[in-house]
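Chains as they are written, first to last, in the working numbering: chain A, 73 to 259; chain B, 73 to 259.
The beta-carbon is built from N, C-alpha and C at its ideal position, and this holds for glycine as well.
I have placed the structure first, in the form of structure tokens, so that the comments after it can refer back to it.
Number of protein chains: 2
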Amino acid sequence: MIESAASLFSERGIQGTSFADVLAHSGAPRGSVYHHFSGGKTELTEDAIRWAGEFTIAGAVAAVGRSDDPVAALGSFRRHWANVLRVSDFEAGCPIASAALEGSHEPTARDLAGEVFGDWQKLVADSLRRGGVAGPRARSIATLMLASLEGAIVLCRAQRSLRPLQRVSAELEVVMTSALEQSQRAA
Amino acid sequence: MIESAASLFSERGIQGTSFADVLAHSGAPRGSVYHHFSGGKTELTEDAIRWAGEFTIAGAVAAVGRSDDPVAALGSFRRHWANVLRVSDFEAGCPIASAALEGSHEPTARDLAGEVFGDWQKLVADSLRRGGVAGPRARSIATLMLASLEGAIVLCRAQRSLRPLQRVSAELEVVMTSALEQSQRAA
DNA sequence: GGGGTAATATTGTGCGCGTCATAGAACATG
DNA sequence: CATGTTCTATGACGCGCACAATATTACCCC
């Protein structure tokens, strides 16, 4: 049920998703929501955001952990999001971004999104640091990667094309490899 | 009234903004909407997106046109969005991004957002080309800039901090200046 | 001065969310 | 082993709101 909610959030946004939609998608009955999530939609939303964040982290950790190469992680991210966009015909995006944008009246959702983004950024930054990049630069590049990928997903959805994601990935790869080379040259 | 709509869209999103909100914010009377915008909310939304796109373009054109320096344009963008985030206490974002994310059931809004993004991207790419950067690379960097700035705004809102925007701007400046230097060295 | 058009105020309808009353099952007890 | 009780889950109802439409009023032109 949480999975259905996260999926629908990534397509229609949080405010655009009603209980009925979630229930229809998950097959769960109407009254179950209030019993499982006594906090109502707020609690369901929070749990869905948390789940989506951890789910993506898990996939990224698996990709980064295999070979501790941030460039490989970038490729993994690119393939993941390209797949999401393709199979949904550019209807789905990043549920965390939706939470960050729509959660004006739902402050907790936005704060949670901020935490998730922080976790993701830390993941990439640590990988870069292990590659020899200095701390501040690693954080800076990690933020650039996160921001540009999230932005690229938005552009892809708006223009119904994978090109923004491809271009951004290519440029990011240049930035990261050059930073890694510089650090190795210094060593 | 369109201005109020765009402003509210950037804060609460499209689906989170009701007619009453727009009217309360603009001071216009209740029944006016349906007469001025016979298409209802759809038409108001479309006009607001168009207006926001052209408004931002106008500001950017003014900044880029003064000195045809894409790096200066980047600085202008950074200051603009930093100001938007600061004065709204991280409540406001980019209305076009909201339109792109929320417009699943409102296909026209998403297509309009795609067009606006295309216009912006073309603006930056042309400026880079005039700086000597080859066409494909210019388009690629322009897409990176647009995507990372939009993503940075999302990150800033979620984390209630200007740091993502600062980091992204710094990294983008490195990318752009190095590309411009390379092209001048080749010439 | 009368008719027509445009702008506004009021009303209606559909829907999303939260709550309540009922049914079923599991466990404990006689 | 049967029955009663309690807890959990579920489907049905009501309230509130957002949007669209219609009726009324004011203004302008003829």
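query: If you follow the alpha helix (DSSP H) that M73 of chain A is part of, which residue opens it and which one closes it?
result: Where M73 of chain A is concerned, there is no enclosing alpha helix (DSSP H), given that its DSSP letter is neither H nor E.
query: If we count Cβ pairs, one from each stretch, closer than 8 Å, do we get three or more for the region 138-154 of chain A versus the region 233-252 of chain A?
result: yes
- prompt: D93 of chain A and R102 of chain A: beta carbons closer than 9 Å?
  reply: no
Cβ shell of T249 of chain B (< 8 Å), same chain only, five flanking positions each side left out: V143
N-terminal and C-terminal residue of the alpha helix (DSSP H) that A259 of chain A is part of: Note, A259 of chain A: premise wrong, no alpha helix (DSSP H); not H, not E.
- prompt: Is the shortest distance between the beta-carbon of A77 of chain A and the beta-carbons of chain B less than 9 Å?
  reply: no
Enclosing alpha helix (DSSP H) for P208 of chain B [first to last residue]: G207 to Q231
message: Considering just the uninterrupted stretch of the alpha helix (DSSP H) at P167 of chain A, what are its terminal residues?
response: P167 to E174
- prompt: Which one of B:R211, B:R182 and B:A206 has the shortest CA to CA distance from L195 of chain B?
  reply: B:R211
- prompt: Do three or more CB pairs link the region 177-191 of chain A to the region 216-224 of chain B at distances below 8 Å?
  reply: no
task: Round the Cβ separation of A145 of chain A and V136 of chain A to the nearest angstrom and send it over; I've been treating them as touching at under 8 Å.
output: 4 Å
query: A45 of chain B and R209 of chain B: beta carbons closer than 9 Å?
result: No statement about residue 45 of chain B is possible, as the shown extent of chain B runs from 73 to 259 and does not include it.
task: For V226 of chain B, decide whether its Cβ has a neighbour in chain A, counting only Cβ atoms nearer than 9 Å.
output: yes
message: Under DSSP, the alpha helix (DSSP H) around P179 of chain B begins and ends at which residues?
response: P179 to R202
field: 7 Å Cβ cut-off: residues of chain B touching F189 of chain A
entry: L227, A230 and Q231
task: Indicate whether at least one CB of chain B lies closer than 9 Å to the CB of P101 of chain A.
output: no
query: Counting along the chain, where does the alpha helix (DSSP H) carrying F91 of chain B start and finish?
result: F91 to S98
message: Given a cut-off of 9 Å on the beta-carbon distance, is the pair P167 of chain A and I121 of chain A in contact?
response: yes
message: Given this structure, state the Cα-to-Cα distance separating A230 of chain A from S104 of chain A, to the nearest angstrom.
response: 35 Å
task: Determine the chain B residues that contact Q39 of chain A at a beta-carbon separation under 7 Å, and present them in chain order.
output: Within the shown structure, residues of chain A are numbered from 73 to 259, placing residue 39 of chain A beyond reach of any answer.
- prompt: To the nearest whole angstrom, what separates the beta carbons of T117 of chain B and I86 of chain B, a pair I think is in contact under 8 Å?
  reply: 6 Å
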